[in-house]
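Take a look at the structure set out below.
2 protein chains.
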Amino acid sequence: MGIQERKGREKEQRREGILQAAERVFFEKGLQAATMDEIAEVAELSKGTLYLYYKSKEDLYLAVMLRGMSILTDMCRQTVAHGSSPIETIVRLLDTYYEFFNKHRQYFRMFYFFNNPTLHTQVTDEMRAHCNQHNQRIWSVVIDVFVKGIEEGMLRSDLSPVELGIILWFSIHAMLMRIDNESEQWKENMGIDLVDLREKQAALLLDAVATPEARKRYPHLFKIAQPTIAS
Amino acid sequence: MGIQERKGREKEQRREGILQAAERVFFEKGLQAATMDEIAEVAELSKGTLYLYYKSKEDLYLAVMLRGMSILTDMCRQTVAHGSSPIETIVRLLDTYYEFFNKHRQYFRMFYFFNNPTLHTQVTDEMRAHCNQHNQRIWSVVIDVFVKGIEEGMLRSDLSPVELGIILWFSIHAMLMRIDNESEQWKENMGIDLVDLREKQAALLLDAVATPEARKRYPHLFKIAQPTIAS
DNA sequence: CATAATAACTGACCGTTAGTCATTTATTAG
DNA sequence: CTAATAAATGACTAACGGTCAGTTATTATG
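So the protein lines, in turn, are chains Y and B. Per numbering that gives the first Met the number 0, the first sequence starts with residue 0, numbered consecutively. Per numbering that gives the first Met the number 0, the second sequence starts with residue 0, numbered consecutively.
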């Protein structure tokens, strides 16, 4: 009897429908201002039903966010697949994150959720585990490139691949967050364009982690003057 | 008649009392879980009275946060005042932020508030202006040092002092945030100690912004091997 | 001192919303 | 056709931020 399977599919469709409704509302209003009642209305279901599929508003929010992480992961995988050398791939990965930031701003903003664990009161352990899993997935993509970069002598080897990846990724992410939130202030108060600065930051960081061999081999990737040459 | 002045003082004391009560509760519970009723109880006032002094829960939260910013600003001023050279002062400033992070973790966490503007629904323009003001204050302290560093030829001059300051400060802040929130995960999943990594990051960044002159003059401040020498 | 005027404070109340659960409706099995 | 099971509902609860009519305390006035 295929009834079991059909039921399973239908349940999956419900979950998916709820997810889409939630995405629309969360994108428009954000976590705080979105209400379960509105999501239920958009999903054309009663609120009670939402709770049959997701344990809490926050779980539902994270379920949407996981889609964003999947998109980012796919984009990074693409970049890695099409990249030629590790050093070039790293440059492209930084741009990929920026591209994701621009194309999927709403998803990017959902990542902020993790910045404030005080708010994580209603996240189930199960969902937390899911997030962890997705997170590891994307990091493994990124770190692989750094491993190869070190192997080929293109990246400094006094730091581990993971360490290098963390330093670059954290820094870029931080800048994107500020671009999202504080661009206007920096422009007005200091005359600084954070979007321009992001590029400079990327160049500076690349320069800081690359070896002289890398600079020799891929001079076009190094846009910033080496201060060591200056004097 | 000094009645006006006395009244003014008393009002100020009320504000201060409310602030202290709010601090206790916010530190213990965080923005979300803290309730105005509990703050009122701790302050030994009715909830209505709180709203005579602060326009919203979020305004009150930010008022507490501003104390944290003042502490950080003072610590940075101290560091700058006692520092000898700009390059050394920069190293010390990075440590100062880390010291603040350790000694005043609860204040540091309040800074997260700005990471998620979706939540800023109840902040008054007045309070926002206050925050802006305090923010500029601390940045001016930091940036001054970078100005001097460039003037003395100790910092690369292809980026402006503000740009250099932003890149370093953002990166360090991002790392501290992760240390606060994700230390365990990184330890478990990847065997990475983010506290150790913070030092390496600081060293790497310092190295990226300093000139060869600086390295020559203050060799003890540069703990990371220059990859340029490697080959 | 008595009384009016003003300022400070109170807490019951309101609107909103996340989450629950007894009940109803739809589906499947016998 | 009926019982059993699964799915969906929406009225209800509890909690909380914010309000405001009314009370209390303080100051000014005659």
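Just so you know, even glycine gets a beta-carbon here, dropped at the ideal spot from N, CA and C. Quick caveat: nothing in here was measured; it's all calculated off a predicted structure.
Only buried fits A213 (chain Y), as 16 or more other CB atoms lie within 10 angstroms of its CB. Any Cβ of chain B closer than 8 angstroms to the Cβ of L196 (chain Y) would place that residue at the interface, and such an atom is present. In the DSSP assignment, P85 (chain Y) falls within the alpha helix (DSSP H) that extends over P85 to K102.
Looking at the DSSP output, L154 (chain B) sits in a beta bridge with B:A209. In the three-state DSSP reduction, D73 (chain Y) falls in the helix class (H, G or I). Contacts with chain Y at 8 angstroms (Cβ-Cβ) include F113 (chain B).
Where H172 (chain B) is concerned, the enclosing alpha helix (DSSP H) starts and stops at P160 to M189. When C-beta atoms of the region 94-103 of chain Y are compared with those of the region 126-133 of chain Y, fewer than three pairs fall below 8 angstroms, so the two segments do not count as touching. Listed along the chain, the chain B residues whose CB falls inside 8 angstroms of the CB of H172 (chain Y) are A173. Here the alpha carbon of S55 (chain B) sits roughly 9 angstroms from the alpha carbon of M35 (chain B). Residues of the same chain with a CB within less than 7 angstroms of the CB of T120 (chain B), apart from the 5 flanking positions on each side, do not exist.
For the set Y:F25, Y:Y52, Y:L18 and Y:R5, the Cα lying nearest the Cα of T123 (chain Y) is the one of Y:Y52. Using a Cβ-Cβ cut-off of 9 angstroms, M176 (chain B) is close to N114, F169 and A173 of chain Y, given in chain order. Contact with chain B is absent for G47 (chain Y), since none of that chain's Cβ atoms lies less than 8 angstroms from the residue's Cβ.
Taking 8 angstroms as the CB threshold, E150 (chain Y) stays off the interface with chain B. Exposed is the label assigned to E125 (chain Y), since fewer than 16 other Cβ atoms lie within 10 Å of its Cβ.
Using beta-carbon distances, G29 (chain B) counts as an interface residue toward chain Y, with a partner under 8 angstroms. Taking all protein chains shown into account, Q200 (chain Y) has 16 or more neighbouring C-beta atoms within 10 Å of its C-beta and is therefore buried. Using a C-beta cut-off of 8 angstroms, the region 78-89 of chain B makes contact with the region 138-157 of chain B, since at least three inter-stretch Cβ pairs fall below that distance.
Under the DSSP assignment, L118 (chain Y) falls outside any alpha helix (DSSP H); it carries neither an H nor an E label.
Sequence-distant partners of M74 (chain Y) (beyond 5 residues in either direction) whose C-beta falls short of 6 angstroms from its own C-beta, in its chain, are T95 and F99.
Under the criterion of beta carbons closer than 8 angstroms, V79 (chain B) and L205 (chain B) do not qualify as touching, at roughly 16 angstroms.
Nearest to R23 (chain Y) by C-alpha distance, out of Y:R5, Y:K6 and Y:M64, is Y:M64. Remark: C-beta atoms of D179 (chain B) and R127 (chain B) do not approach each other more closely than 8 angstroms.
Within its own chain, the residues whose Cβ lies closer than 6 angstroms to the Cβ of L59 (chain Y), once the five positions on either side in sequence are excluded, are A21 and Y53, listed in chain order. Using a CB distance below 7 angstroms, no part of the region 69-96 of chain B faces chain Y. The shortest C-alpha to C-alpha distance from I171 (chain B) to any of B:S45, B:G148, B:E181 and B:R197 is the one to B:R197. Cβ contact annotation for V141 (chain B) (same chain, cutoff 7 angstroms, sequence separation greater than five): C75, L92, G164 and W168, in chain order. Residue contact with chain B for D58 (chain Y): absent (no Cβ-Cβ distance below 8 angstroms to any residue of chain B). Listed along chain B, the residues sitting closer than 7 angstroms to N188 (chain Y) by beta-carbon distance are Q135. The C-beta separation of L203 (chain B) from A207 (chain Y) comes to about 5 angstroms, placing the pair in contact by the 8 angstroms criterion.
Counting only residues of its own chain and dropping the five nearest sequence neighbours on each side, G16 (chain B) has a CB closer than 7 angstroms to the CB of A42. Note on geometry: alpha-carbon atoms of S139 (chain Y) and M174 (chain B) lie some 19 angstroms from one another. Neighbourhood of A207 (chain Y) in chain B, by CB distance below 7 angstroms: L203, D206 and A207, in chain order.
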